[in-house]
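Here is the structure we will look at.
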Amino acid sequence: MIATRGTADWLLFELPEPEDLAGPENAGGALRWLRIARDGEVQSGEATAAELAERVRPDQRLLALVPGERAPLHRVAVPGKSARVRQRALPYALEERLSEDLESVHIVPGPPHGSETTACVVALRHLQQWEGWLAARGLGHTRLIPDIALLRGLADGDHHYVLAGETRCLLVPADAEPLALPRDLAAWWLKTRELPEPEHPGHADAAPLTPSSGWQGSLLELLAANLRSGTLDAGRLRRWLRAARPFELGTRRQQDRGRSILPGPEWRLPASLAVVLGLAWLGGQWLQIHHLERELAATEDAMAEVFARALPERRMVDPVGQFEILLREPETAAGSEDITSPLAEPIALIAEQLDDDTLTLRHLRGDANRLELELDGPGLADIERLRENLQQATERRVRITSAETGDDRVRARLILEERP
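The opening residue of the sequence shown carries number 122 in the numbering used here; numbering runs sequentially from there.
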């Protein structure tokens with residue numbers, strides 16, 4: 122046969138029951154295995170775990186099939202739109218179906234099935250037993266999946282399939298996930314569903330896979346027989362294997378999932394410090410904004426006070442704009458008969474001196490005896506010229522109290538005050 126590009130070499134083997142791992146007489150028992158080569162060649166047989174470890178090649182995908190009785194599949198309705206929310210709610214949706222506490226089981230979310238969510242549940246102690254047993258025999262890199270997950274490829278939603286073995290039955294319901302049961306329990310399950318019980322061991326009830334005579338219930342044995350007979354082709358089985366990968370078990374995968382959502386222990390302290398620093402920075406920003414808001418309110422109050430003193434008979438609407446108009450029209454400010462404020466004369470004088478746009482007035486505050494100006498201009502000489510002009514035009518004393526030089530402008534503060 123010609124190998125298809127991108128196909129993988131699969132090696133599957135069945136894990137024994139957890140109880141069989143405890144006794145030393147069963148520790149080296151034979152395991153049933155099945156290999157699907159890249160070119161589609163199928164091999165099967167039995168070997169010990171040590172022999173399998175020697176047989177495995179680096180390019181092979183190694184899967185250990187967990188007995189479906191120990192890792193049943195469930196289909197439940199879980200509320201929530203987000204996949205993360207549904208994943209967190211999944212254990213509580215399964216709680217009524219479990220005979221053990223949530224802390225003692227390992228739950229693996231599977232792919233969605235319509236509006237429902239699928240999941241695989243296995244006892245944590247059994248999973249740890251299998252992982253320890255594989256690691257001790259050089260097969261620690263093996264991926265574990267429930268064997269019944271491969272039967273999901275048989276489900277069509279319209280028919281119930283029953284694969285009856287001598288000791289074990291594989292059931293593929295039309296409205297539920299596949300399951301594996303001992304023969305006596307399978308008969309009870311079929312009776313509760315009002316389905317006919319298998320006539321004899323090996324009965325397949327029109328299932329796509331046909332058990333051989335004397336079949337005990339092993340899934341790998343069933344797959345190997347149907348691959349050899351041509352009933353099942355290797356490409357279809359590969360698709361079943363890929364579809365079953367979401368149900369991969371293992372505490373290692375659970376830890377990887379946990380790391381994908383939350384930081385690991387080595388990152389928790391730096392993450393906590395980053396959160397504390399971020400909160401401190403936000404607090405500092407809030408205090409700074411609060412301080413600026415208070416300063417703005419104080420400035421507005423001071424502006425309103427100056428406006429009331431300078432123009433007592435006018436209503437303040439836009440103080441900056443109104444003062445700007447007043448300073449641009451000195452004759453209006455000086456000659457208006459309805460302005461009786463003592464500040465009118467010095468303000469008009471200042472407006473006349475600032476009419477050439479060389480200097481820019483930034484702040485004006487004070488009272489009838491003392492006015493304080495903050496302005497900026499292209500150089501200190503222009504500010505000194507303004508001081509001299511004001512000094513000649515008024516009887517008040519004019520002096521520069523401070524001056525600061527910037528990149529291209531000079532900001533200064535002038536005071537006009539009555540002489541003592």
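Just so you know, even glycine gets a beta-carbon here, dropped at the ideal spot from N, CA and C.
C-alpha gap between residue i and residue j, whole angstroms
i, j, result
"A171", "G259", "8 Å"
"G487", "V397", "46 Å"
"G161", "L132", "12 Å"
"F428", "I471", "16 Å"
"R520", "R430", "23 Å"
"R389", "E493", "57 Å"
"L344", "P391", "52 Å"
"P332", "L142", "28 Å"
"H412", "A425", "20 Å"
"L408", "R415", "11 Å"
"C241", "I269", "10 Å"
"H484", "E525", "15 Å"
"V293", "L330", "12 Å"
"E224", "R205", "19 Å"
"L245", "H227", "5 Å"
"R264", "R178", "15 Å"
"H281", "L272", "12 Å"
"L255", "S165", "20 Å"
"G274", "R153", "22 Å"
"G261", "Q249", "12 Å"
"M437", "L507", "29 Å"
"R540", "R517", "6 Å"
"L311", "G189", "18 Å"
"P303", "E138", "13 Å"
"A129", "Q181", "7 Å"
"R156", "L173", "11 Å"
"G404", "I410", "10 Å"
"R359", "A395", "47 Å"
"L316", "G278", "16 Å"
"G379", "S203", "Summary for G379: the model assigns pLDDT 44, below 50, so the residue's position carries little reliability, and this model does not support an answer."
"L496", "R534", "7 Å"
"A469", "A514", "11 Å"
"L215", "A401", "42 Å"
"L511", "R532", "18 Å"
Assigned secondary structure, residue i (DSSP; H/G/I helix, E/B strand, else coil)
i, result
"V293", "strand"
"H247", "helix"
"D497", "strand"
"S236", "coil"
"L420", "Per the sequence shown, residue 420 should be read as Thr rather than Leu. Note: T420 maps to helix in three-state DSSP."
"S220", "coil"
"S523", "strand"
"L104", "The structure shown has nothing for residue 104, since the chain only spans 122 to 541."
"L186", "strand"
"E140", "helix"
"P433", "coil"
"D528", "coil"
"E275", "The sequence given here places Leu at residue 275; Glu does not occur at that position. Correct three-state label for L275: helix."
"P230", "strand"
"A455", "Low per-residue confidence applies at A455: pLDDT is 46, beneath 50, and the placement is therefore not dependable enough to give any value."
"P267", "strand"
"R518", "strand"
"R491", "strand"
"V242", "strand"
For residue i, the first and last residue of its enclosing beta strand (DSSP E)
i, result
"I70", "This structure gives no information on residue 70, because the portion of the chain shown stretches from 122 to 541."
"D130", "130 to 135"
"Q164", "163 to 168"
"A533", "531 to 538"
"V283", "282 to 285"
"V177", "Neither: V177 is in no beta strand (DSSP E) and is coded neither H nor E."
"V197", "194 to 197"
"R205", "Per DSSP, R205 belongs to no beta strand (DSSP E); it is in the alpha helix (DSSP H), 204 to 215."
"T481", "481 to 487"
C-beta neighbour in chain B for residue i, strict 7 Å
i, result
"I521", "No chain B appears in the structure shown, which is made up of a single protein chain."
Endpoints, alpha helix (DSSP H) assigned at residue i
i, result
"L475", "Element bounds for L475: n/a, residue is neither H nor E."
Cβ contact check for the region 336 to 347 and the region 284 to 291: 3 or more pairs under 8 Å: yes
Any alpha helix (DSSP H) of 4 or more consecutive residues that is wholly inside the region 304 to 365: 304 to 313, 340 to 350, 355 to 365
Validate contact between the region 215 to 230 and the region 345 to 355 using beta carbons, cut 8 Å, 3 pairs: no
Given 8 Å, three or more beta-carbon pairs between the region 361 to 370 and the region 199 to 211: Verdict: no, contact absent.
Meets three-Cβ-pair contact criterion under 8 Å: the region 293 to 303 and the region 351 to 359: no
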